[in-house]
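Respectively, the protein sequence lines represent chains A and B. Each residue of the first sequence is one higher than the one before, starting from 7 at the first, in this note's numbering. Each residue of the second sequence is one higher than the one before, starting from 49 at the first, in this note's numbering. Just so you know, even glycine gets a beta-carbon here, dropped at the ideal spot from N, CA and C. All remarks here apply to the structure that follows.
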Amino acid sequence: GQQVMQIPQYQHVQEGEDFTTYCNSSTTLSNIQWYKQRPGGHPVFLIQLVKSGEVKKQKRLTFQFGEAKKNSSLHITATQTTDVGTYFCASRFGNEKLTFGTGTRLTIIP
Amino acid sequence: DTEVTQTPKHLVMGMTNKKSLKCEQHMGHRAMYWYKQKAKKPPELMFVYSYEKLSINESVPSRFSPECPNSSLLNLHLHALQPEDSALYLCASSRQGGAGEKLFFGSGTQLSVL
Numbered sequence: 007g008q009q010v011m012q013i014p015q016y017q018h019v020q021e022g023e024d025f026t027t028y029c030n031s032s033t034t035l036s037n038i039q040w041y042k043q044r045p046g047g048h049p050v051f052l053i054q055l056v057k058s059g060e061v062k063k064q065k066r067l068t069f070q071f072g073e074a075k076k077n078s079s080l081h082i083t084a085t086q087t088t089d090v091g092t093y094f095c096a097s098r099f100g101n102e103k104l105t106f107g108t109g110t111r112l113t114i115i116p
Numbered sequence: 049d050t051e052v053t054q055t056p057k058h059l060v061m062g063m064t065n066k067k068s069l070k071c072e073q074h075m076g077h078r079a080m081y082w083y084k085q086k087a088k089k090p091p092e093l094m095f096v097y098s099y100e101k102l103s104i105n106e107s108v109p110s111r112f113s114p115e116c117p118n119s120s121l122l123n124l125h126l127h128a129l130q131p132e133d134s135a136l137y138l139c140a141s142s143r144q145g146g147a148g149e150k151l152f153f154g155s156g157t158q159l160s161v162l
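Structure representation (structure tokens):
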């Protein structure tokens, strides 16, 4: 089936350092969404990207959609302890089915 | 805070039990979803209801039986589960189920099958 791979699987950073997670697909995506799941919590929608090469910012978070619409990235500047969690990209492959990427678990060292 | 409410938050059941998970939303959404999430894994889609009709069943075993009594409610009936079915069960909703819609997730039911 369709898969969306994320790297890295885990990332440990010192508080204040930057963090980036990458999402890759073998097929062209119509759009891509990003979700955050805190430890013990549920996924919460962050953003959706639709256009080729699109870049969106939310405070310290920068989201990019690749020119070929096969990859995406999430970059966090100057991480804080509140950024802890697992970040998932997700996309729909032609129907209602929203498929989640493998996720990147971010831990912060205070 | 979530506008999708799931009950119970935790459930322990034996392999011969019958139980139900409940999900409710009052956002007027017409698409509702059940996802299963094992520890340290992404959510996996189980079922999608669109306008109270089952539109996607991801080859889920028949021991899981979904039900959508009305546009606000979604149930998941459980019968004769196996220990490997232990997981976090997440309910979600979206406006109509269209390609560009975001999902609103409930807090989930943590299920343990003994």
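Classification of residue 97/B by the beta-carbon crowding that lies within 10 angstroms, buried from 16 upward: It is buried - the Cβ of residue 97/B has at least 16 other Cβ atoms within 10 Å.
Partner residues on chain B for residue 77/A, Cβ-Cβ distance less than 8 Å: Correct list: empty, because the minimum Cβ distance to chain B is about 17 Å.
Test: residue 150/B CB closer than 7 Å to a CB of chain A: Yes, contact with chain A.
Given residue 105/B as reference, the closest of 89/B, 83/B, 118/B and 51/B once Cα atoms are compared: Of the listed residues, the one whose Cα sits closest to residue 105/B is 83/B.
Three-state class that DSSP yields for residue 72/B in the structure shown: Secondary structure at residue 72/B: strand, using DSSP grouped into helix, strand and coil.
Whole-Å CB distance - residue 157/B paired with residue 56/B, under 8 Å assumed: About 6 Å separates the beta carbons of residue 157/B and residue 56/B, which is inside the 8 Å limit, making them a contact pair.
Continuous beta strand (DSSP E) stretch holding residue 49/A: start and end: Residues 49-55.
Residue 79/B - partner residues in DSSP beta bridges: 98/B and 142/B, per the DSSP bridge assignment.
Sub-7 Å separation of residue 91/A and residue 42/A beta-carbons: Yes.
According to DSSP, residues forming a beta bridge with residue 95/A: DSSP, once it has assigned bridges, lists 40/A as partnering residue 95/A.
Selection of the segment 83-107 of chain B by Cβ proximity to chain A, strictly under 9 Å: Near chain A, meaning a CB-to-CB distance below 9 Å, the residues of the segment 83-107 of chain B are 83, 85, 88, 89, 90, 91, 92, 93, 96, 98, 103, 104 and 106.
Length of the line joining the Cα atoms of residue 93/B and residue 21/A: For the pair residue 93/B and residue 21/A, the Cα-to-Cα distance works out to about 34 Å.
Short-range partners of chain B found in the segment 52-69 of chain A, where Cβ spacing is below 8 Å: Per Cβ criterion, the list reads 54 and 56.
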